[in-house]
Amino acid sequence: FFIFLRKQKCKPSAPGQHRASVLWIHRRMQIPSTDLLDSELIKSLINLVASDKVLNMNDKKTYSMQSIKLMENFVCTKGVGFDSEKVIVGATLLMSYATLRWDDLLHSPPDLWELAEGVLLGVAWQTKVERDVRGTRWGATRGSLTSKDWAEVFYHLVMASMPESGKRDYFM
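Residue numbers for the sequence shown follow the numbering used here, so the first one is 15 and each next one is one higher.
Shown next, in the form of structure tokens:
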């Protein structure tokens with residue numbers, strides 16, 4: 015099965031999770047699993063799958079410093095572009111500075127954001143995981159490459175355009 019997983023499009027953690035579930039089943043059914051625990055073959059196959067599937071950071075596309083500066087200037091410059099365009103560019107900067115995924119931003123209601131000294135704070139509410147009670151808190155530095163406070167401008171643009179109803183689904 016581990017050799018099969020190596021050929022499939024699985025995450026690097028899949029073989030380890032499978033091994034853990036097999037061990038759990040063995041414990042529940044009271045089947046000795048020392049062969050599974052001590053097997054060098056299984057350990058090496060898990061490592062092989064992980065090494066094959068680990069994402070190489072060089073394969074990821076990232077924004078250049080110049081692109082970040084252009085986005086910060088665009089958000090902060092009055093009389094350039096529409097406010098809706100600035101919100102979209104600001105959202106891109108927010109995801110970069112707060113290391114948010116798009117899905118996290120979608121589930122971050124702006125009415126729960128707080129513009130504090132040096133940081134823009136928020137909460138991402140997810141539906142799949144058990145974060146029902148408190149969500150996942152995030153923060154984006156108000157520092158910038160251009161010395162402009164893009165986070166404050168972005169925050170005020172979002173707050174000014176946020177409807178009274180539907181605050182929770184603002185980016186949807």
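Idealized CB from N, CA, C, for every residue including glycine.
Rounded C-alpha distance that separates residue i from residue j
i              : j             : result
threonine 76   : valine 103    : 15 Å
threonine 155  : alanine 34    : 39 Å
serine 81      : proline 177   : 31 Å
methionine 173 : methionine 79 : 28 Å
valine 167     : valine 94     : 13 Å
valine 137     : methionine 43 : 42 Å
leucine 84     : lysine 57     : 48 Å
Residue i, enclosing alpha helix (DSSP H) - first and last residue
i                : result
phenylalanine 96 : No alpha helix (DSSP H) contains phenylalanine 96, which DSSP labels as neither H nor E.
serine 175       : 164-175
Cβ-based burial, residue i [other Cβ within 10 Å; buried from 16]
i              : result
tryptophan 116 : exposed
tryptophan 38  : exposed
alanine 105    : buried
aspartate 125  : exposed
lysine 92      : exposed
Cβ-heavy atom distance, residue i to the ligand ATP, below 6 Å
i             : result
isoleucine 45 : No copy of the ligand ATP appears in this structure; indeed no ligand is present at all.
8 Å contact criterion, which residue i and residue j should meet: CB distance rounded
i           : j              : result
leucine 107 : tryptophan 152 : In fact, because the Cβ distance is near 14 Å, the residues do not count as touching under 8 Å.
leucine 135 : glutamate 128  : 4 Å
Handout entry: Every unbroken alpha helix (DSSP H) within the segment 108-160, with a cutoff of 4 residues, ordered by chain
Key = Qualifying alpha helix (DSSP H) stretches, in chain order: 116-120.
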